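Participant:
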Amino acid sequence: MGVALTGALCAVLPFVGSIMFSVPAAGDSGVASVPGWRIIAAGATFGPVLFCHSPFGEMESATGRNWRRVQLGVLALNATACSLLFFLTSLMVFGGPMALLVLRGIIGWMGTALLAARLLGWRAAWVGPLALLPIMIFWGTEGPQQYAWWEFTARPIDDPAAWVTAAGLLALGAGAHLVDRWRWRAAVTFLRRRTIRLSRRPPSAP
Amino acid sequence: MLLIHVKRSPVRWIFPVALAFNLAMLFFRNRYWIGVWPETSAAAQMPAYLTSGLAAAAAAWSVGAPHRHGTVEQKLPLAVPRWRREVPPVATVLLYFVLISLIVQAIAFGLTLRTNPPGIELWPGYVVMGLTVICLAVAFGHVVGKALSGRFAAAVAGLAWFIVSMYLGSQWDFGVVSGPVYNELDTLTVMVRLLGAVALISLAVALPNFLARERAAVSRRTERRWLRPAVVVTVAAVVLCAVTAVLGSPVKGREKPAEVLCVGVRLKVCMWPEHQKYQSAVEDIVQRAERLPAVFVLPGRFDEYGVSYQMRVVDGVIDLTDRSGLPPYFYIPDGSTWALSGTVATEIMKVSLRYCAKAPFSKGEQVDLRANETEAWLEAFLAGGGRPDYHTNRSGEAAAAARRGEERANHGSEAEQFAWAGERVTEYNAASCL
Numbered sequence: 129m130g131v132a133l134t135g136a137l138c139a140v141l142p143f144v145g146s147i148m149f150s151v152p153a154a155g156d157s158g159v160a161s162v163p164g165w166r167i168i169a170a171g172a173t174f175g176p177v178l179f180c181h182s183p184f185g186e187m188e189s190a191t192g193r194n195w196r197r198v199q200l201g202v203l204a205l206n207a208t209a210c211s212l213l214f215f216l217t218s219l220m221v222f223g224g225p226m227a228l229l230v231l232r233g234i235i236g237w238m239g240t241a242l243l244a245a246r247l248l249g250w251r252a253a254w255v256g257p258l259a260l261l262p263i264m265i266f267w268g269t270e271g272p273q274q275y276a277w278w279e280f281t282a283r284p285i286d287d288p289a290a291w292v293t294a295a296g297l298l299a300l301g302a303g304a305h306l307v308d309r310w311r312w313r314a315a316v317t318f319l320r321r322r323t324i325r326l327s328r329r330p331p332s333a334p
Numbered sequence: 026m027l028l029i030h031v032k033r034s035p036v037r038w039i040f041p042v043a044l045a046f047n048l049a050m051l052f053f054r055n056r057y058w059i060g061v062w063p064e065t066s067a068a069a070q071m072p073a074y075l076t077s078g079l080a081a082a083a084a085a086w087s088v089g090a091p092h093r094h095g096t097v098e099q100k101l102p103l104a105v106p107r108w109r110r111e112v113p114p115v116a117t118v119l120l121y122f123v124l125i126s127l128i129v130q131a132i133a134f135g136l137t138l139r140t141n142p143p144g145i146e147l148w149p150g151y152v153v154m155g156l157t158v159i160c161l162a163v164a165f166g167h168v169v170g171k172a173l174s175g176r177f178a179a180a181v182a183g184l185a186w187f188i189v190s191m192y193l194g195s196q197w198d199f200g201v202v203s204g205p206v207y208n209e210l211d212t213l214t215v216m217v218r219l220l221g222a223v224a225l226i227s228l229a230v231a232l233p234n235f236l237a238r239e240r241a242a243v244s245r246r247t248e249r250r251w252l253r254p255a256v257v258v259t260v261a262a263v264v265l266c267a268v269t270a271v272l273g274s275p276v277k278g279r280e281k282p283a284e285v286l287c288v289g290v291r292l293k294v295c296m297w298p299e300h301q302k303y304q305s306a307v308e309d310i311v312q313r314a315e316r317l318p319a320v321f322v323l324p325g326r327f328d329e330y331g332v333s334y335q336m337r338v339v340d341g342v343i344d345l346t347d348r349s350g351l352p353p354y355f356y357i358p359d360g361s362t363w364a365l366s367g368t369v370a371t372e373i374m375k376v377s378l379r380y381c382a383k384a385p386f387s388k389g390e391q392v393d394l395r396a397n398e399t400e401a402w403l404e405a406f407l408a409g410g411g412r413p414d415y416h417t418n419r420s421g422e423a424a425a426a427a428r429r430g431e432e433r434a435n436h437g438s439e440a441e442q443f444a445w446a447g448e449r450v451t452e453y454n455a456a457s458c459l
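Residue numbers (my numbering), protein chains in the order written: chain A, 129 to 334; chain B, 26 to 459.
#1: Less than 8 Å between the CB atoms is what I'm expecting for residue 266/B and residue 221/B, so what's the real figure, rounded?
#2: Counting only Cβ pairs nearer than 8 Å, list the residues of chain C close to residue 416/B.
#3: What would DSSP say about residue 217/A, mapped onto helix, strand or coil?
#4: So with Cβ pairs under 8 Å, would you call residue 150/A a contact of chain B?
#5: Cutting at 7 Å between CB atoms, please list the residues of its own chain near residue 294/A, excluding the five before and the five after it.
#6: Check whether the segment 139–159 of chain A and the segment 147–165 of chain B are in contact - that is, three or more C-beta pairs closer than 8 Å.
#7: For the beta strand (DSSP E) containing residue 154/A, list its first residue and its last residue.
#8: Taking its Cβ as the centre, do 16 or more other Cβ atoms sit within 10 Å of residue 47/B, making it buried, or is it exposed?
#9: Look at the alpha carbon of residue 84/B and the alpha carbon of residue 26/B, and state the distance between them as a whole number of angstroms.
#10: Less than 8 Å between CB atoms is the rule here; does residue 79/B satisfy it with respect to chain A?
#11: Count the other CB atoms, across all protein chains shown, that sit within 10 Å of the CB of residue 280/B; report buried if there are 16 or more and exposed otherwise.
#12: Roughly how many angstroms separate the alpha carbons of residue 335/B and residue 54/B, rounded to a whole number?
#13: Between the segment 180–194 of chain B and chain A, which residues of the former have a C-beta closer than 8 Å to a C-beta of the latter?
#14: Under 8 Å Cβ-Cβ, which residues of chain B neighbour residue 104/A?
#15: On the DSSP letters alone, give me the boundaries of the beta strand (DSSP E) that residue 269/A sits inside.
#16: Taking the straight line between their C-alpha atoms, what separation do you get for residue 240/A and residue 178/A?
#17: Which parts of the segment 298–367 of chain B are runs of the beta strand (DSSP E), unbroken and 3 residues or longer, counting only runs that do not cross its ends?
#18: Quick check: what's the CA-CA separation for residue 151/A versus residue 377/B?
#19: Cβ of residue 77/B within 8 Å of Cβ of residue 114/B?
#20: Quick check: the Cα distance between residue 124/B and residue 116/B, rounded to an integer number of angstroms?
#21: If contacts are defined as beta-carbon pairs under 8 Å, then residue 149/B and residue 61/B qualify, I think. What distance do you get, rounded to the angstrom?
#22: Identify the residues that DSSP records as bridge partners of residue 288/A: which are they?
#23: Using a Cβ-Cβ cut-off of less than 7 Å, list which residues of the segment 116–127 of chain B approach chain A; keep chain order.
#24: Using a cut-off of 7 Å between C-beta atoms, extract the partners of residue 9/B located in chain A.
#25: If you draw a straight line from the alpha carbon of residue 364/B to that of residue 68/B, how long is it in whole angstroms?
#26: Whose Cβ in chain B lies nearer than 7 Å to the Cβ of residue 213/A?
#27: If you draw a straight line from the C-alpha of residue 114/A to the C-alpha of residue 299/A, how long is it?
#28: Does the segment 95–105 of chain B come close enough to the segment 181–199 of chain B to have 3 or more Cβ pairs within less than 8 Å?
#29: Any C-beta of chain A within less than 8 Å: which residues of the segment 213–225 of chain B qualify?
#30: How far does the alpha helix (DSSP H) with residue 166/B in it reach, from first residue to last?
#31: According to the Cβ coordinates, are residue 129/B and residue 51/B closer than 8 Å?
#32: Rounded to the nearest angstrom, how far is the Cβ of residue 394/B from that of residue 422/B, given a contact under 8 Å?
#33: State buried or exposed for residue 173/B, treating a residue as buried only when at least 16 other CB atoms are found within 10 Å of its CB.
#34: Look at residue 157/A and residue 272/A and say whether their C-beta atoms are less than 8 Å apart.
#35: Between the segment 199–218 of chain A and the segment 264–278 of chain A, do three or more beta carbon pairs fall short of 8 Å?
#36: With 8 Å set as the bound, which would you pick, yes or no: does the beta-carbon of residue 133/A sit closer than that to a beta-carbon of chain B?
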């Protein structure tokens, strides 16, 4: 189902991907020229992340390590398949350098969707990319072909800050899913014990 | 029933966030809209255009509530008609997002009301424009929510509407990025569009459910009861959409104003009365121009774009009306008076310098560069010093010459600058063409 949604977006990409839209922006000119592919790429992450939603979510959250391992495995597989599908379509439609830009965008959007899924639930994962998209367009555009350092969808392909931002978002999103309530409690307990032990340590001799 | 939905809808959590987001877009873009009525309402309309994707997603989300809660089967045998069950959630989403738009408009209105310049009649059009986009987004989201009703409905509705709205904004003027004074919105067109959008919401509510699971459970009798209103709403929506398409874009060029705001004596600069907030800045530029040494010839009069001339588009073709006899025109884009000083500087140079009439239209590279430097100085001097608030695509020696000219305007006394500039003009006019 997730791959099907990404497949539908891939089918739209050749028709809408190259259209330039004039959108309000906070930069000098007040207008940003946004190509369609920058918007569609945000949607490429919806399929794999929303697919993780299940009506048995509450019960599943109480299951053991094996179920979570399977769920995250399916998510990783689905995300890789969808990203690859979208990347290859972009490669055919726009060519190499642009496809790499699309890939960087997907990496960042994937992180945003994962983070939103962790905070709001799998079903509301779309809120992250859909809320960040207008912010990226509005405040990320500083002028004609000039973008803020954190604008990971539009900065030049050799820009290290944009790659770091995209990778950082992905790490943040993936990391958020590693922090489940048991691990969190274990971490808090560990820190608390350590703090108590440190406070009980006798003062060193002069 | 509506009140229960308003109190319980998940959109109430989106409301403060979306409102903060809208206000941030209004205030962290630029502030030149404060004090000019059409710019005020256009600036306050713009966030509605950008956040309408959230409205579409919220509409799709709320219509899918029975699926999320697993109450589809329980709701099917209810005696209350389906449309009455669908109206409260869609009205709730509409209410919240319309409220956001109106709050933003009210705040913007209050800021401009403090100076209350002329042109308040230009304000309501953009408000209606913003509301139309919200209505269209809600109608779109409702249809998508009905068609998919699954986990992807809200995501698909939000993203698809983002693309659709940008297309409608770029191609059909359903949203604007600014409201320049030389344009106005056609009241009939914007009102018809709003009515069309409301009719589309009604159509979205009247449409039968697309999902097979629900369709199979609904009896033929119930469906037939729906046939007549559904046909009426469909016909109304189609007619309104057709009228909207015939009326075309609501953005129209304004007629020449009956009264204009003019400043200066030797150099007269006339502008739209709605731009009275720029009067003192324009007076400063005019006074500086009138102090220039005699070698600089003043063209006489400048008009703001639209005051005496406006480009017309007839059947998609630009009507290049003969502009002979009309004064040069200038813009104040984004509240920038540098645009005026740039235009005045260019026109003064045109009449003060004796350019070459024959190809290659040059007096030599170095002489031309010095003329560029003088023009950059003149522009910066008229603007009152500082650095230009725009970017150019000049490069190499031309950019360096312009930079030198700007720096000269920021250093030395006025007498020294005038002496230098007078020499430059005399030197250029004395040089012979290649």
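Even glycine gets a Cβ: it sits at the ideal position worked out from N, Cα and C. Predicted model only: the values in this text are computed from it and were never measured.
Facilitator: The structure says:
#1: Working through the second sequence from its first residue, we reach residue 266/B at position 241. Working through the second sequence from its first residue, we reach residue 221/B at position 196. Indeed they touch by this definition, with Cβ atoms about 6 Å apart.
#2: Reference to chain C is not applicable here, since the protein chains of this structure are A and B.
#3: Working through the first sequence from its first residue, we reach residue 217/A at position 89. Here residue 217/A sits in helix by DSSP.
#4: As a working mapping, residue 150/A is identified with position 22 in the first sequence. Output row for residue 150/A: interface = yes.
#5: The residue given as residue 294/A occupies position 166 in the first sequence. Around residue 294/A: 232, 235, 236 and 280.
#6: Not touching, per the Cβ criterion.
#7: Along the first sequence, one-based indexing puts residue 154/A at 26. For residue 154/A, there is no enclosing beta strand (DSSP E), as DSSP marks it with neither H nor E.
#8: As a working mapping, residue 47/B is identified with position 22 in the second sequence. Residue 47/B comes out buried.
#9: Indexing the second sequence from 1 puts residue 84/B at position 59. Indexing the second sequence from 1 puts residue 26/B at position 1. Rounded to the nearest angstrom, the two C-alpha atoms are 17 Å apart.
#10: Within the second sequence, the letter at position 54 stands for residue 79/B. Closer than 8 Å to some Cβ of chain A, the Cβ of residue 79/B qualifies, so yes.
#11: As a working mapping, residue 280/B is identified with position 255 in the second sequence. Exposed, because fewer than 16 other Cβ atoms sit within 10 Å of the Cβ of residue 280/B.
#12: Your numbering for residue 335/B matches position 310 in the second sequence. Your numbering for residue 54/B matches position 29 in the second sequence. Going from the Cα of residue 335/B to the Cα of residue 54/B covers about 28 Å.
#13: Those residues of the segment 180–194 of chain B placed with their C-beta closer than 8 Å to a C-beta in chain A are 180, 181, 183, 184, 187, 188, 191, 192 and 194, ordered along the chain.
#14: No answer is possible for residue 104/A: the residues shown for chain A start at 129 and end at 334.
#15: Position 141 of the first sequence, counted from the first residue, corresponds to residue 269/A. Looking at the DSSP string, the run of the beta strand (DSSP E) that includes residue 269/A is 269–271.
#16: For the purposes of this step, residue 240/A is taken as the residue at position 112 of the first sequence. For the purposes of this step, residue 178/A is taken as the residue at position 50 of the first sequence. Residue 240/A and residue 178/A: Cα-Cα distance of roughly 13 Å.
#17: Note on the segment 298–367 of chain B: whole beta strand (DSSP E) runs with a minimum of 3 residues are 326–329, 337–339 and 342–344, in chain order.
#18: Along the first sequence, one-based indexing puts residue 151/A at 23. Along the second sequence, one-based indexing puts residue 377/B at 352. Looking at the two C-alpha atoms, the distance is approximately 41 Å.
#19: Taking the first residue of the second sequence as 1, we reach residue 77/B at position 52. Taking the first residue of the second sequence as 1, we reach residue 114/B at position 89. No. Outside cutoff.
#20: As a working note, residue 124/B is residue 99 in the second sequence. As a working note, residue 116/B is residue 91 in the second sequence. Using only the alpha carbons, I get a separation of about 12 Å.
#21: For the purposes of this step, residue 149/B is identified with residue 124 of the second sequence, where counting begins at 1. For the purposes of this step, residue 61/B is identified with residue 36 of the second sequence, where counting begins at 1. Wrong, their Cβ atoms sit about 15 Å apart, outside the cutoff.
#22: Within the first sequence, numbered from 1, the residue matching residue 288/A stands at position 160. Bridge partners of residue 288/A: none, in fact.
#23: Listed in sequence order: no entries.
#24: The question about residue 9/B has no answer, for chain B in this structure spans 26 to 459.
#25: On the second sequence, residue 364/B is found 339 positions in, with the first residue counted as 1. On the second sequence, residue 68/B is found 43 positions in, with the first residue counted as 1. Taking the straight line joining both Cα atoms gives about 21 Å.
#26: Start at 1 with the first residue of the first sequence, and residue 213/A comes out as number 85. Those do not exist, as residue 213/A stays about 16 Å from chain B at its closest Cβ, beyond 7 Å.
#27: With chain A running from 129 to 334 in the structure shown, residue 114/A is simply not present.
#28: Of all C-beta pairs linking the segment 95–105 of chain B to the segment 181–199 of chain B, fewer than three are shorter than 8 Å, placing the two stretches out of contact.
#29: Hits within the stretch: zero.
#30: As a position in the second sequence, residue 166/B is number 141, starting the count at 1. Element bounds for residue 166/B: 148–173.
#31: For the purposes of this step, residue 129/B is taken as residue 104 along the second sequence, with counting starting at 1. For the purposes of this step, residue 51/B is taken as residue 26 along the second sequence, with counting starting at 1. Closer than 8 Å, so yes.
#32: What you label residue 394/B is simply residue 369 of the second sequence in a count that begins at 1. What you label residue 422/B is simply residue 397 of the second sequence in a count that begins at 1. About 6 Å separates the beta carbon of residue 394/B from that of residue 422/B, a gap short enough to meet the 8 Å contact definition.
#33: In the second sequence, counting from the first residue as 1, residue 173/B sits at position 148. By the beta-carbon neighbour count (other beta carbons within 10 angstroms, threshold 16), residue 173/B is buried.
#34: Within the first sequence, the letter at position 29 stands for residue 157/A. Within the first sequence, the letter at position 144 stands for residue 272/A. Residue 272/A is positioned such that its CB atom lies closer than 8 Å to that of residue 157/A.
#35: With a cut-off of 8 Å, the segment 264–278 of chain A and the segment 199–218 of chain A do not count as touching, because too few Cβ pairs lie within range.
#36: Position 5 of the first sequence, counted from the start, is the residue given in the question as residue 133/A. A Cβ of chain B is located within less than 8 Å of the beta carbon of residue 133/A.
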